[in-house]
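In what follows, a single structure is set out as structure tokens and then discussed.
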Amino acid sequence: MIYSVIAIAFVAILGFAFMKAGQLKNIHITKEVTVKADKSEAFDMVRYLENFPKWSPFLAEDPGQKYEVKGTDGQVGAQYHWVGNGGKDVGFQEIVKVEEGKYVGMRCDIQKPFKATPTFEYTFTETPEGIVIRQDFKLQSKSVDAFFMWLFGAKKDMAKMNETGMQLLKKALEKKA
15 MIYSVIAIAF VAILGFAFMK AGQLKNIHIT KEVTVKADKS EAFDMVRYLE NFPKWSPFLA
75 EDPGQKYEVK GTDGQVGAQY HWVGNGGKDV GFQEIVKVEE GKYVGMRCDI QKPFKATPTF
135 EYTFTETPEG IVIRQDFKLQ SKSVDAFFMW LFGAKKDMAK MNETGMQLLK KALEKKA
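Below is the structure:
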């Protein structure tokens, strides 16, 4: 009898965990920041990968990170490669679409500490308060990956990292003004 209760409880907990993890199979995090800067400066800060170290939350967290830009910076196909945390973090992000002054789309290829291919989309809108830069982060995962992301609270960490990056972007742009 006791083994049956334990088995039922285990199955219920496992079912709950995979249900919650299922909600993380498609992660979408949106962050916005309003900057007092020229629209072309704001656009170029994101478009040109050589500028990423000025506002990278990953580099702020790991100042010893090695990075390099490959290809024609600011153009589709340009890549920002990184190796950080003593070789434990490896990957690159690539510009996949540019609409002058309006939009920059990037795809990441994370190889370590886990494999993932999130996307980042940046849009730029002029308002009376300044330039609104919107970041849309999207990540699709398999069930097992989603389970571990749920288990370790990865979505919350991702949202915090994205917010940090947007605040660093604001600081970098307003420092120039």
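Basically our numbering = 1-based index in the sequence shown + 14.
Each residue gets a CB set at the ideal place from its N, CA and C atoms; glycine is no exception.
Values in this document were obtained by computation on a predicted structure and should not be read as measured data.
How many Å lie between residue i and residue j at the Cα?
| i | j | result |
| --- | --- | --- |
| M172 | D150 | 12 Å |
| I109 | D76 | 23 Å |
| W164 | F72 | In this prediction, W164 scores a pLDDT of 49, lower than 50, which makes its location untrustworthy; the coordinate-derived value is nonetheless stated afterwards. Approximately 21 Å between the Cα atoms of the pair. |
| V60 | Y136 | 8 Å |
| Q107 | P127 | 15 Å |
| I124 | K50 | 32 Å |
| K111 | L182 | 23 Å |
| G78 | V97 | 9 Å |
| K152 | K170 | 14 Å |
| L187 | A130 | 29 Å |
| C122 | A56 | 21 Å |
| A46 | T139 | What sits at residue 46 in the sequence shown is Glu, not Ala. About 11 Å. |
| F134 | M180 | 12 Å |
| K185 | G144 | 14 Å |
| I20 | D103 | 40 Å |
| T178 | Q89 | 25 Å |
| G6 | S18 | Shown here, the chain extends from 15 to 191; a query on residue 6 therefore has no answer. |
| M120 | R148 | 13 Å |
According to DSSP, is residue i helix, strand or coil?
| i | result |
| --- | --- |
| A92 | coil |
| W164 | In this prediction, W164 has a pLDDT of 49, which is less than 50 and means its spatial position is unreliable; nothing more can be read from the coordinates. |
| T86 | coil |
| D58 | helix |
| M15 | coil |
| K111 | strand |
| E140 | strand |
With 16 other CB atoms within 10 Å as the buried threshold, where does residue i fall?
| i | result |
| --- | --- |
| P142 | exposed |
| G91 | exposed |
| P132 | buried |
| S70 | buried |
| G100 | exposed |
| M15 | exposed |
| S155 | buried |
| K80 | exposed |
| K189 | exposed |
Quick one: residues in its chain with C-beta nearer than 6 Å to the C-beta of residue i, no 5 flanking neighbours on either side, listed in chain order?
| i | result |
| --- | --- |
| F66 | Y94 |
| G85 | G91, A92 and Q93 |
| V83 | L63, E64 and Y94 |
Suppose contacts are defined by Cβ-Cβ distances below 8 Å. Is residue i in contact with residue j by that definition?
| i | j | result |
| --- | --- | --- |
| E64 | D87 | yes |
| N176 | I43 | yes |
| T48 | V146 | yes |
Excluding five sequence neighbours on each side, which residues of the same chain lie with their C-beta closer than 7 Å to the C-beta of residue i?
| i | result |
| --- | --- |
| S54 | G115 |
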